[in-house]
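According to our numbering, the sequence shown is numbered sequentially starting from 173.
Where is the CB? At the ideal position from N, CA and C, for every residue including glycine.
All values derive from a computational prediction rather than experimental measurement.
Quick notes on the structure that follows.
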Amino acid sequence: MNVIFTHLTGPDAAVVIDDDYTAVYTLIRAEPPYNSGPLYHPDRYRERTGDQLDRPGFTLVAVEDGETLAGFAFGFTMPAGRWWGGDTTPGPPEVVAADKFAVIELNLRTEYRGRGIGRRLLAELLEGRTEPYATLLSLPEAAAHDIYEHWGWKVTGTCRPAPDTMLADVMVLAR
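Structure (structure tokens):
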């Protein structure tokens, strides 16, 4: 296995709504606890992600193993004063008051897990960012939740980003 990480921004990052990325996203979101819920339908993924492409600081990191898209992660700058939308508990004042990097997706095919690739994928996404904090949403039932805590992320509240979604923990990493 010889994986390669690629950073994409601007118009180049629009590949994130192509069929290969959508297929990886859909495959992972079929797993428990997501179970292909309404939020994880391919059309909603493409619409939501297409809208996010124009956000300041949008960055995509892909990890490929030869011709195989093994996974990807992306996010954007959440400016000072902004916090997660939907039904959300208030964020820590010092985090809300600062620019922060919102990790929106981190997806890795099952066969690439447990090898440190996910950790490197997240590190590649956050590398060189100037925001003092990073934040993400994670379902408490998801295996990734415990991994994020192991990597130093702290639960600071909860968020239900849309009425038809499950309640997620808001996690923050001081950088």
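Give the secondary structure of R332 by DSSP, where H, G and I count as helix, E and B as strand, and everything else as coil.
strand
Mind checking who S310 pairs with in its DSSP beta bridge?
D341
Taking D341 as the reference, which of P210, G182, N207 and V327 has the closest Cα?
V327
So, helix, strand or coil for G222, using DSSP?
helix
Return yes when the Cβ of V235 is within less than 8 Å of the Cβ of G247, no when it is not.
no
Reference E239, options F273, A306 and F177, closest by Cα:
F177
Give the single residue among N174, I319, M250 and Y284 whose Cα lies nearest to the Cα of Q123.
Residue 123 is absent from the structure shown; the chain starts at 173 and stops at 347.
Shortest alpha-carbon distance to E266 belongs to which of Y305, L211, D191 and G229?
Y305
Can you give me the C-alpha to C-alpha distance between T261 and L309, rounded to a whole angstrom?
12 Å
Between which two residues does the alpha helix (DSSP H) holding L199 run?
D191 to R201
When you compare the stretch 252–261 with the stretch 207–219, are there three or more beta-carbon pairs, one atom per stretch, that lie closer than 8 Å?
no
Is the Cβ-Cβ distance between P205 and E313 less than 8 Å?
yes
How long is the line joining the alpha carbons of P214 and I189, rounded to whole angstroms?
9 Å
Starting from D237, trace the beta strand (DSSP E) both ways and give me its first and last residue.
T231 to D237
Cα-Cα, which of R220, E203 and V275 is closest to A186?
R220
Please go through the same chain and pick out, in chain order, the residues whose beta-carbon is closer than 7 Å to the beta-carbon of G324, but skip the five residues on each side of it.
L345
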